[in-house]
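Q: Here the protein sequences come in this chain order: W and B.
With numbering that gives the first Met the number 0, the residue at position 338 of the first sequence is 337, and numbering never jumps.
With numbering that gives the first Met the number 0, the residue at position 300 of the second sequence is 299, and numbering never jumps.
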Amino acid sequence: MSEMLRAPVEVKYADELDYLASVDTDPKPFSWRLSPRMVRLFVLGSERADGLDRVIPQKWFGDRSFVERSIVTLASDRGLLLLGDPGTGKSWLAELLAAAICRNSTLVVQGTAGTTEDHIKYSWNVSMVISQGQSRKSMIPSPIMTAMEQGVVGRFEELTRSTSDVQDALISILSEKYVSIPELDHDNIVFAKPGFSIIATANSRDRGVNDLSSALKRRFNFVRIPVVTNKRSEAEIVRFRTEELLRRHRIEVEVPPTLLDILLQSFADLRTAAAGATSDDEKLESALSTAEQIGVLEDAILHSQFFGDRALRAETLAGSMMGSLARRSPEDLAILNKYLHGVVEPRAKQDGGGWEGFLDGGRQAIAALS
Amino acid sequence: MTAPVAGGPFAGLRHQLTAAATAFADSPDTLAGILAGMIDDVDRALAVPLEIFPVCHHSPASALAVVRRLREKQPQVIYLELCEDLRPLLGELGNCRLPVAVQAFASELDGHPSEWGPLSIVAPLTEASAEYQAIVYALETPGVELVLVDRSTDHVFQWLPRTPEAQPDGAVQAGEEGGRPGDDAALHGDAVGVEVGDLRPGFAELEAYLLHHGKVRHWSEWWDQYVEQPLADADHDTYRQVMVLIGSLFRRLRPTHSERLDRDEDRERYMWTRMREHLATSGVDPGRCLYICGAFHAASRVEQFGLASDAPGYEISPRTGTRWRYGLIPSSHSAIEAQFGLAPGSVSIAAATWTKALKRSGLTPYRLEGQRGTRTRGRDGRDTAAPATGPTDRLSSFLTAPPELNGIDEAELRGWCVDIVRLARRNGYLASTADAIAVYETSTLLAGLRNRTRPTPYDFTDAAVTCIEKDVVPGRRDVRRLCEILLGGDRVGRVGYEALPPLARDVLERLRPLGLDLQKRTVQRALLDLHADSRLAPCSDLLWMLRYLLPHDAVRPIMGERRLGHRSIQESWDVALGRNQRALIELGYEGVTVEQVLEQRLRRAVRGPQATAAGALAAIEDAIRLLGSPRLIGELGTRAVELLATERTVDDAPDVLRRIRRLLTHHRATATALPAWCEAFVAAGYTHYCTLLPSAFVDEQAGVRQVGAMLGFLFSMENLALSLGCDRTQLELAVAQAHPEAPAKVALHWAARHQLGLLPLTELRDCCAELLANPLVVPIFPQYLSGFVQALDPVPGLASFVVELMSTAFAQLPDPILLPWLPTLITTLREHGQELVPLLIREAAHTFPGTLPALDSWEPPWVKATPAPAPPIVPAGPVVGLLTGHPDSVDAIAGLLGCSNPWQRHAQPGRIEVVALLARHPDTAAAVVDLLLVDRTTAVVAQR
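Structure follows, in structure tokens:
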């Protein structure tokens, strides 16, 4: 594990998963490694009332019903499509679910404009085909096909980024639950084992890139993940994810609660402003998601660690924030400048504290970017 | 207060719980105290000889338990936790279709802060509620008395802290949370809601804790799963004990000494005092009475609780002088949900559960005879009353028994799945039978995941959303909303004709010639040919009045209008009075006829603290349009004059000008003489605006449009004002005293001086030319132009000059100055187009060529070569005679000055007659010479 930059969930939380499996007495669907209740517990964390010997921390923050609906979808005949804005935790939830259900979250196809049907079904090892001819040995199964063979959950990231004909290759997989290999004369059908399912994610902002066909939509249950707006939940997410990232970088920097509040408050302010904007020019290009908050905080901490005095300061946080959010010039810069002078400045005068440093840092960053 | 019995039926349970607290809790004393206290509360409530029946609002389990108990006990008196002054209305429920709300309304406040007005309280009633069943039992059973014992609606507001954000206790402002915006959700308006059996955790953290650990999303779902379902088929004793236990739990787990708790306790003192008074006066046996209240109040610990208490009665303060009016208004499930912060669809689900439970249990609910929608009639409850028995412990068995496994109601769930797919298809979803199967499977899985024995409507809704909802909603309703419709849907009540206030009945009667069913909730089209059918004229009058008084969608004219001096001969209306029944009923609280209410409203409009002269003129217009009462118009007009004279700002000047012009035109066209108030208004306005004019010219707050309107008033009504005794000098002085600095106002000032003859057009043109020639002023020249545009109305004679100036500006101003100003010009003309544009267009059409070929040869009239000015005609006289007689000196001076033009001599033809005339009558010329101090003798010689 220490050799991995980012360990998959089933490796990282192997102890927890083993423990949950050991205490799980409920019936498990198909070949699931945990019962649906334990999957939910693994994702959403345990309570005292669950009566477990150890505490299972919460790993995904959001409405409980989203997780429940996702779990029951995977236990049913349909695939699961997690839909939402960038940074709402779709992929993270997909990974957690896959790891909890089948202890394997790595069977992933990344949807891009260059994804082909081979990436979803199978391809051939050309040298082996030349030397031995076409056979199951010379065939390279895709992650989805592997998932079918093993009866586990396969993942398809950014489904709507791949082209329509590639997407449609999933229709038969989700309907008939087998893939035929016409190149072979015998042993030419791969049947999905019980437990096979697909978790796909799609960015709701990119829906128009390659919209799903009705036939494919019908085979997926959609669960829409909204942007987290609850401040308390958001603070938990940011703290949880940032700690994880910093542990990966082996950095030990304390995030002062006041600075975390400033970060959350400023994102909340900017979201409110974006909601009231009447044109795209009046709102930031950024989706202002929780993931971006995490990115800003991580950037600020790294900056403090390597170029600062190893303590996170409001000035640094402001600089990172402006740098991350100012993507268009002059539109984004103008919005941020307006925010600094219209909202942060009065608040700095009234509350003082970290807001003063945040204002100074923000001004410097804007000046440097302008 | 009755003390709990030390041993008693609950001793075993109390001991068990205390032992458990000691064994498991971190701080056993606290927990043991709470648990034992809860048992004490149950014990005490059950020991009271007057049977306390705890209920929760909109709970089918409570309603079922009440029906069972009423049939069994046959009480003689029912005490109900509802505002005592609402009692007389309940008899009218038979004329209504539920859900309806009992309303108390007050618009004229006496004793309450005036800014709270109008005050409105509603108590909605649905069939699936315990209180409704009790009310119907009492109304339908001979000899049974129903006594409402809660504080009066006046006390609800009396007890309210005098702070702006104050909310009544036990009462909820509409739309606080969970409300879905929409027609039916807004049926209660902004009324405060009161209900029997408000039962929710006392603080947000406890509710959040219960929801979190109950693994549910909202309170309605928690209640349904953990209380409603287990108690649905419980026997009377179990139901009663469990409900008191829950009431006690929420009572004990709430902040002590909170203001709300104090108020709740005051209400309990009030109710017990009222009940004791009634028992004392009526002499009825307490054992034959039933006290129906919220479970929270059943676990009360106030000193007046019970009948054995020696505590003195609660001192009830007298009601204020506020005059309350009462009525029934239609309600709906969604309105109740929005009012009390319940989850959308929860009341509908409760109604569906009630119907299902009735079918399952075979119980016949109580229904009022003749009530709309009644299918069966309640049995006459004159059976033998069950004998009273002492309390026995049912709590222990209830709390320790495993949940009853009813098993899944497969047929019902299957029906839902099929129906939701059908409904979804009808609403544009590509749903199929496969989806129905998926919804069924997912519902079952979700219920299992959530520890439920069978899928609840909430599980079904989640499953349907998961399986059918995709990335976009194809129609108006999403799947969640479709599920709400499927599971009962919103039901909207209706107040019957007999239960309507006199005004509403009068309206329905008077609109009968339209031939429409006005109680319907649909929008109906009424066609009125006033020429063909004279009976429709009063209907038209009434519709126009209702248009003024009711919300705009209640009656909407599609064709036809009524303005000053104009009546259509054909009208077409969209009438939706059934949908706006509440508004019509509330109108009935204000008066007996629509005319009376309208008159009151118009008077209020001009008498209020915010009344303005413009508002008063608008009221006069409405009075003329809708009522035509000269007495009222005169009264409003007099008030308008008073208001104008006391106004210190000129903000409304444009509105005042527009309206008074219209009214003057109307009166001139329809009467031989102007009414006295009109003359007084013009005279007062002339003086008023003359006084304010100098300060308005320099005041930054007064806009150029306002000043323009003041000038418009002064110039356009000058003749009338002067005829009424006003003095023009006042206006001249006012203009002379004005020294504006803002460019637009300077232009207006110039225009005013021009109108008064103080600034000739040539000088005005020169002023503007200087501005354009000065590079420092050019950037603000458009502002001058704006001022001149506003001057078009007060000084219409300047229109040609404005056209000229505008053309010059367009020709000469550089683009960076001109272009930013163009939007201002366009928006100004667009906003005030009715007054300014016709004049400008007419003048422009007159000035510019009408055809394209004419444009080539066209030359602006103001740039045409002006002929050389004619030499001044020098009047004949001694001086002229002297100079013409001896021209040498003049010629020499002219030569020195380089002037070569020959000057006119008197010898020219045509002037001889003048010379002859002067020679015959030299006195005039001599007098002029005197004036010019010329030597008379010389002059005479020269003349000769």
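Glycine is no exception: its CB is placed at the ideal position from the N, C-alpha and C atoms.
Please read all numbers here as calculations on a predicted model, not as lab measurements.
Say whether chain B places a C-beta atom closer than 8 Å to the C-beta of Phe221(W).
A: Yes, Phe221(W) lies at the interface with chain B (some Cβ there is under 8 Å from its Cβ).
Q: Name the chain B residues that come within less than 9 Å of Lys216(W), Cβ to Cβ?
A: By Cβ distance, chain B contributes Leu429, Lys469 and Asp470.
Q: Going by the DSSP bridge assignment, what does Tyr78(B) pair with across the sheet?
A: BP columns for Tyr78(B) point to Val146(B) and Tyr290(B).
Q: For Asp461(B), decide whether its Cβ has a neighbour in chain W, counting only Cβ atoms nearer than 8 Å.
A: So yes, Asp461(B) belongs to the interface.
Q: Mind pulling the alpha helix (DSSP H) runs of 4 or more residues that sit fully within the region 66–148 of chain B?
A: Runs found: 129–139.
Q: I need the boundaries of the alpha helix (DSSP H) containing Arg603(B), first residue and last residue.
A: Unbroken alpha helix (DSSP H) run through Arg603(B): Val593 to Arg606.
Q: Contact check, Tyr783(B) vs Pro742(B) under 8 Å by CB: the rounded distance?
A: That belief holds up - the Cβ atoms of Tyr783(B) and Pro742(B) are roughly 5 Å apart, short of 8 Å.
Q: Straight-line CA distance for Gly361(W) to Thr289(W)?
A: Going by the C-alpha atoms only, they are around 20 Å apart.
Q: Where does Phe676(B) fall in DSSP's three states?
A: It is worth fixing the name first, because residue 676(B) is Trp in this sequence and not Phe. If DSSP states are grouped into helix, strand and coil, Trp676(B) belongs with the helices.
Q: Give me the residue from Arg239(B), Ala750(B), Pro123(B) and Tyr208(B) with the minimum Cα distance to Pro47(B).
A: A quick correction: the sequence has Val, not Pro, at residue 47(B). Measuring from the Cα of Val47(B), the nearest candidate turns out to be Arg239(B).
Q: In chain order, which beta strand (DSSP E) runs of at least 3 residues are fully inside the region 195–224 of chain W?
A: The qualifying runs are 196–202 and 219–224.
Q: Ignore the nearest five residues each way along the sequence and tell me which others in Asp331(W)'s own chain have a CB closer than 7 Å to its CB.
A: These residues qualify, in order along the chain: Leu283, Glu284, Leu324 and Ala325.
Q: Considering only residues of the same chain and omitting the five flanking positions on each side of Asn187(W), which have a CB-CB separation below 8 Å?
A: Around Asn187(W): Ser179, Ile180 and Pro181.
Q: Please state whether the Cβ-Cβ distance between His748(B) and Pro739(B) is less than 8 Å.
A: A contact, by the Cβ cut-off of 8 Å.
Q: Is the shortest distance between the beta-carbon of Pro181(W) and the beta-carbons of chain B less than 8 Å?
A: False, the Cβ-Cβ gap to chain B never drops below 8 Å.
Q: Report buried or exposed for Trp857(B), applying the criterion of at least 16 other Cβ atoms within 10 angstroms of its Cβ.
A: Classification for Trp857(B): exposed.
Q: Verify whether the separation of the beta carbon atoms of Gly492(B) and Val99(B) is less than 8 Å.
A: Taking 8 Å as the Cβ cut-off, Gly492(B) and Val99(B) qualify as a contacting pair.
Q: Using 8 Å as the threshold, is the C-beta distance between Asp49(W) and Leu43(W) below it?
A: No, Cβ-Cβ distance for Asp49(W) and Leu43(W) is not below 8 Å.
Q: Given this structure, state the Cα-to-Cα distance separating Phe52(B) from Tyr290(B), to the nearest angstrom.
A: Distance between the alpha carbons of Phe52(B) and Tyr290(B) is about 6 Å.
Q: At a CB distance below 7 Å, what residues from the region 127–139 of chain W approach chain B? Give them in sequence order.
A: Residues passing the 7 Å Cβ filter: none.
Q: Can you name, in chain order, every residue of its own chain whose Cβ lies under 8 Å from the Cβ of Thr315(W), other than the five neighbours on each side?
A: Excluding positions up to five away in sequence, the list reads Ala299, His302, Ser303, Gly307 and Gly360.
Q: What residues from the region 310–325 of chain W come within 7 Å of chain B, judged by C-beta to C-beta, listed N to C?
A: Listed in sequence order: no entries.
Q: Any beta-carbon of chain W closer than 8 Å to the one on Glu440(B)?
A: So yes, Glu440(B) belongs to the interface.
Q: With a threshold of 16 other CB atoms inside 10 Å of the CB of Ala74(B), please say whether the residue is buried or exposed.
A: In the sequence under discussion, the amino acid at residue 74(B) is Pro, which differs from the Ala named in the question. It counts as buried.
Q: Could you check if Gln349(W) is buried or exposed, using at least 16 other CB atoms within 10 Å of its CB as the buried criterion?
A: Gln349(W) should be labelled exposed.
Q: Grab me the residues of Asn579(B)'s own chain with a C-beta within less than 8 Å of its C-beta, minus the 5 sequence neighbours each way, in chain order.
A: Correct list, in chain order: Leu549, Pro550, Asp552 and Ala553.
Q: Do Arg190(B) and Ile120(B) have their C-beta atoms within less than 8 Å of each other?
A: The sequence given here has Ala at residue 190(B), not Arg. Cβ distance < 8 Å, so Ala190(B) and Ile120(B) count as in contact.
Q: If you follow the beta strand (DSSP E) that Ala525(B) is part of, which residue opens it and which one closes it?
A: Taken as a continuous stretch (DSSP letters only), the beta strand (DSSP E) holding Ala525(B) covers Gln523 to Asp528.
Q: Compare the C-beta of Cys767(B) against all C-beta atoms of chain W and say whether one is closer than 8 Å.
A: Judged by the 8 Å Cβ criterion, Cys767(B) is not in contact with chain W.
Q: Assuming Lys89(W) and Thr159(W) form a contact by the criterion Cβ under 8 Å, report the distance between their Cβ atoms to the nearest whole angstrom.
A: So it is not a contact: roughly 12 Å between Cβ atoms.
Q: Output, in chain order, the set of chain W residues within a Cβ distance shorter than 7 Å of Thr455(B).
A: What Thr455(B) touches in chain W: nothing, since even the nearest Cβ is about 13 Å away.
Q: Which whole runs of the alpha helix (DSSP H) in the region 235–280 of chain B are 4 residues long or more, in chain order?
A: Counting only runs of 4 or more, we get 235–251.
Q: Go to Arg555(B), then tell me how far its alpha helix (DSSP H) extends in each direction, as first and last residue.
A: It is not in any alpha helix (DSSP H) - Arg555(B) instead sits in the beta strand (DSSP E) that spans Val554 to Met558.
Q: By DSSP's criteria, Pro140(W) is part of a beta bridge. Which residues make up the other side?
A: In the DSSP output, where bridge partners are listed per residue, Pro140(W) has Tyr121(W).
Q: Secondary structure at Val254(W), three-state DSSP: helix, strand or coil?
A: The answer is coil: DSSP assigns Val254(W) none of H, G, I, E or B.
Q: Ignoring anything shorter than 4 residues or poking outside the region 28–98 of chain W, list the alpha helix (DSSP H) runs there in chain order.
A: Counting only runs of 4 or more, we get 35–43 and 63–74.
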